[in-house]
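Peer 1:
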Amino acid sequence: MDNPKKDGRIKWLILLIPTLTIGLWEYVRHAFLLPYMSMGLGNFLAPFIVLAVTLTVVRGLFGRLEQSQRALQREKESNASLEERERLARELHDGISQSLFLLAVKLDQLDELVAQGPVKPLAEGLRETVRVMHEDVRQAIASLRQPPSPAEAAWVVPMRELLGETAGIAEATAEFNWSIPDGGLTDKEKVELHACVREALINVRKHAKASRVNVIGEPDGANGFRCSVEDDGAGFSADPLNAPGRFGLRIARDRALAMGWTFQAERRGSRTVIELRKPGKESAHAR
Numbered sequence: 001m002d003n004p005k006k007d008g009r010i011k012w013l014i015l016l017i018p019t020l021t022i023g024l025w026e027y028v029r030h031a032f033l034l035p036y037m038s039m040g041l042g043n044f045l046a047p048f049i050v051l052a053v054t055l056t057v058v059r060g061l062f063g064r065l066e067q068s069q070r071a072l073q074r075e076k077e078s079n080a081s082l083e084e085r086e087r088l089a090r091e092l093h094d095g096i097s098q099s100l101f102l103l104a105v106k107l108d109q110l111d112e113l114v115a116q117g118p119v120k121p122l123a124e125g126l127r128e129t130v131r132v133m134h135e136d137v138r139q140a141i142a143s144l145r146q147p148p149s150p151a152e153a154a155w156v157v158p159m160r161e162l163l164g165e166t167a168g169i170a171e172a173t174a175e176f177n178w179s180i181p182d183g184g185l186t187d188k189e190k191v192e193l194h195a196c197v198r199e200a201l202i203n204v205r206k207h208a209k210a211s212r213v214n215v216i217g218e219p220d221g222a223n224g225f226r227c228s229v230e231d232d233g234a235g236f237s238a239d240p241l242n243a244p245g246r247f248g249l250r251i252a253r254d255r256a257l258a259m260g261w262t263f264q265a266e267r268r269g270s271r272t273v274i275e276l277r278k279p280g281k282e283s284a285h286a287r
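Right, dumping it as structure tokens:
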């Protein structure tokens, strides 16, 4: 990493330039200006010359140092985010994924022991549930271990691809409208927003039976956004955040609230809407 070396050179320049300026001024004054300038006037002008150099050269160096420090901080935050994703992927693989695989093996053994009878439909239902859960965990691990590229807005691509997969499984029409500026979100916000949208799309895939699915992301005031997953499916028979088995939406809600966002899952006319919102400064004042 070149930043520490570069920052070290800048710091040394900041320390040395005032000293070099005084030395150069004294040399020029004694070598060339002494016949034309008194000692008192030269001493009077010296601090003003140092101040002028400080306001121009040294101030610019301070700006470059601050810019370098901000870039280093962003890189540290990005690395921390990637390390957290890898840790989560490792925990999913070593824990839940292997446990689900073992449970599937046990169900196969149960199915062989009970070829007929009332236990067989139960075993088949359990096996299908395990299969769906295992696929969800596998996709989560793959998503965590293949983080979005640092290229601008590339982190949005996995959401678009997940929407396409969801629409393909549900045999639905998909629409992706995204205008949230990349620079308006921190790395942490991108990770959390991606996770919440993913949970919402998984909910659509499992429960909605929709013919149309939309993902919308748009700015909302200064540094704010509104993101929603909408479908024309069956909707919620009750409060989805309290329904048994709807752990994904509850996890998404908790993630959103932990970030200081709002989270809604409701029926709006013929559409089911799962919405996350981070109010921006302008919209917050308006409300």
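So the sequence shown is numbered by full-length UniProt numbering: it starts at 1 and just counts up by one.
In this text, a Cβ means the ideal position worked out from N, Cα and C, and glycines have one as well.
#1: For R253, which of I274, A71 and N79 has the nearest alpha-carbon?
#2: I need the straight-line Cα distance from A104 to Q69, nearest angstrom please.
#3: I want to know whether the stretch 167-184 touches the stretch 201-217 - three or more CB-CB distances under 8 Å.
#4: Let me make sure I understand the geometry here. Which of N43, K188, E199 and V213 has the alpha-carbon closest to that of A174?
#5: Does the beta-carbon of F32 have 16 or more other beta-carbons within 10 angstroms, so that it is buried, or is it exposed?
#6: Is the separation between the beta-carbon of I10 and that of L55 shorter than 7 Å?
#7: Just reading off the beta strand (DSSP E) that I216 is part of, what are its end residues?
#8: Classify E192 as buried or exposed, calling it buried when 16 or more other Cβ atoms lie within 10 Å of its own Cβ.
#9: Which runs of the alpha helix (DSSP H) fall wholly inside the stretch 4-79 and span at least 4 residues, in chain order?
#10: From what residue to what residue does the alpha helix (DSSP H) around L249 run?
#11: Taking the alpha carbon of T186 as the reference point, which residue from R250, N43 and R74 has its own alpha carbon closest?
#12: Mind reading off the beta-carbon distance from L201 to V229? Whole number of angstroms is fine, and I expect it under 8 Å.
#13: Let's test the definition: count the other Cβ atoms within 10 Å of the Cβ of G233 and tell me whether it reaches 16, buried, or not, exposed.
#14: Around the Cβ of G260, are there at least 16 other Cβ atoms within 10 angstroms (buried) or fewer (exposed)?
#15: Just the Cα atoms here: how many angstroms apart are R250 and R271?
Peer 2: So, to answer that:
#1: When the alpha-carbon of R253 is set against those of I274, A71 and N79, the nearest one is in I274.
#2: Near 51 Å, if we compare the C-alpha coordinates of Q69 and A104.
#3: Contact between the stretch 167-184 and the stretch 201-217 is present, because at least three Cβ pairs lie under 8 Å.
#4: Here the closest residue by C-alpha is V213.
#5: Here F32 is exposed: its Cβ has fewer than 16 other Cβ atoms, across all protein chains shown, within 10 Å.
#6: Cβ atoms of I10 and L55: not closer than 7 Å.
#7: In the DSSP assignment, I216 falls within the unbroken beta strand (DSSP E) covering R212 to P219.
#8: Buried.
#9: Counting only runs of 4 or more, we get 39-53.
#10: Taken as a continuous stretch (DSSP letters only), the alpha helix (DSSP H) holding L249 covers F247 to A258.
#11: The residue with the shortest Cα to Cα distance from T186 is R74.
#12: Under the criterion of beta carbons closer than 8 Å, L201 and V229 qualify as touching, at roughly 6 Å.
#13: In the assembly as shown, G233 is a buried residue. Its beta-carbon has 16 or more other beta-carbons within 10 Å.
#14: Exposed, since its Cβ has fewer than 16 Cβ neighbours within 10 Å.
#15: Roughly 20 Å between the two C-alpha positions.
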